[in-house]
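J.: Quick note, my numbering runs 1317 ahead of the 1-based positions in the sequence shown. Virtual Cβ for every residue (Gly too), placed ideally from N, Cα, C. First the structure, then my questions, so here it is.
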Amino acid sequence: MTREQTRRRGERADRPLHVEVEAWGPLACFTRPELKVERVSYPTMTPSAARGVLEAIFWKPEMTYRVERIEQLKPVRWTRFRRNEVNNSIITKNAYESLRANNGYRYDVVEDRGQRVTVALSDVAYRIHATIHATDRCTAPLPKYRDQFDRRLARGACYEQPHFGCREFAAFFGPRGSAEEASVVTAADQAGIPPIDEVGLMLHHIEYLPKGKERYHWFRASLEHGVLHVPDRPLAPAEVSGMPGAEGRASAEEVA
């Protein structure tokens, strides 16, 4: 039995287990919530985007990911471009009602088109550190899910193509060292990362309430030598007043 097999056999079934993924791509846009009309990205990957990458690789309802830190493997490079988008989204219910009524209504994308500028990141690479936690539905030992994740990561399997903020910004992924093997990251990239970079308020997690409501929780983010540390607890509601969806935590009656 190898040392790694011995270590894994001794792991407790209920203890959170660590996973590590490297992800890279040509474009990324992690949109700041205070800038809604035209997208402007954070200078680094957000925890919610990192969870999206992990869940695209492997996810089960019996487990959840908790992102602990995100390493920035390349210095920030900004780019901007203008795209044709639409001003309104199509509501499925209204579209079906129009078809049933046969009222001749037709959605004309040309009339609804609008040009928007996107301020995005180019040539990005990150290393995501997270732990796997059990949910109320979990009946199997956690190492089972970690091992499944590692196998899928090693062979490049995913349920859907991971992306960086927008679906058209595809993310490539692999285990630790993959970005360097693919010649995406060099020693010069690491030297170009600033020691301290204040980012501002960033989404910590979304609290799902009854009747389909949501409440957003935030934390104050900063990069230290290219590393974003995600705290265990978000900021108190009074510290984030004015941010979208941050009207205080739910009471016990609301979440019961």
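When you compare the CB positions of Ala1345 and Ala1412, do they come within less than 8 Å of one another, or not?
T.: Contact: no.
J.: Taking Ala1575 as the reference, which of Ala1373, Gly1369 and Arg1368 has the closest Cα?
T.: This structure cannot settle anything about residue 1575, because the visible part of the chain is limited to 1318 through 1573.
J.: What did DSSP end up calling Ile1445 once you bin it into helix, strand or coil?
T.: The answer is strand: DSSP assigns Ile1445 an E or B state.
J.: Using the Cα positions of Arg1394 and Ser1415, report the straight-line distance between them to the nearest angstrom.
T.: Distance between the alpha carbons of Arg1394 and Ser1415 is about 46 Å.
J.: In terms of residues, what are the limits of the beta strand (DSSP E) holding Gln1389?
T.: It spans Met1380 to Gln1389 - the beta strand (DSSP E) in which Gln1389 sits, taken as one unbroken run.
J.: Check this for me: beta carbons of Arg1383 and Ala1447, under 8 Å apart or not?
T.: Yes, they are a contact pair.
J.: Cα separation between Ile1513 and Asp1429?
T.: Ile1513 and Asp1429: Cα-Cα distance of roughly 43 Å.
J.: Using 10 angstroms around the beta-carbon of Ile1449, count the other beta-carbons present and answer buried if the total reaches 16, otherwise exposed.
T.: Under this definition Ile1449 is a buried residue.
J.: According to DSSP, simplified to helix, strand and coil, what is Asn1404?
T.: Here Asn1404 sits in coil by DSSP.
J.: Would you mind reading off the limits of the beta strand (DSSP E) that contains Leu1416?
T.: Segment Thr1409 to Ala1418 is the alpha helix (DSSP H) holding Leu1416; no beta strand (DSSP E) there.
J.: Can you tell me whether Ala1499 is helix, strand or coil according to DSSP?
T.: Residue state, collapsed to three classes: coil.
J.: Going by DSSP, what residue range makes up the beta strand (DSSP E) through Arg1578?
T.: As displayed, the chain neither begins before 1318 nor continues past 1573, which places residue 1578 out of reach and without an answer.
J.: Spatial neighbours of Phe1375 within its chain, please: CB distance less than 7 Å, with the 5 preceding and 5 following residues excluded, ordered by chain position.
T.: Excluding residues within five positions, the ones whose Cβ falls inside 7 Å are Gln1465, Phe1466 and Arg1469.
J.: Tell me whether the beta-carbon of Trp1535 lies closer than 8 Å to the beta-carbon of Pro1548.
T.: Cβ distance not < 8 Å, so Trp1535 and Pro1548 don't count as in contact.
J.: To the nearest angstrom, report how far apart Glu1499 and Met1362 are at their CA atoms.
T.: Contrary to the premise, residue 1499 reads as Ala rather than Glu in this sequence. If I take the Cα positions, the gap works out to 20 Å.
J.: For the beta strand (DSSP E) that contains Arg1532, what are its first and last residues?
T.: Per DSSP, Arg1532 belongs to the beta strand (DSSP E) from Glu1531 to Glu1541.
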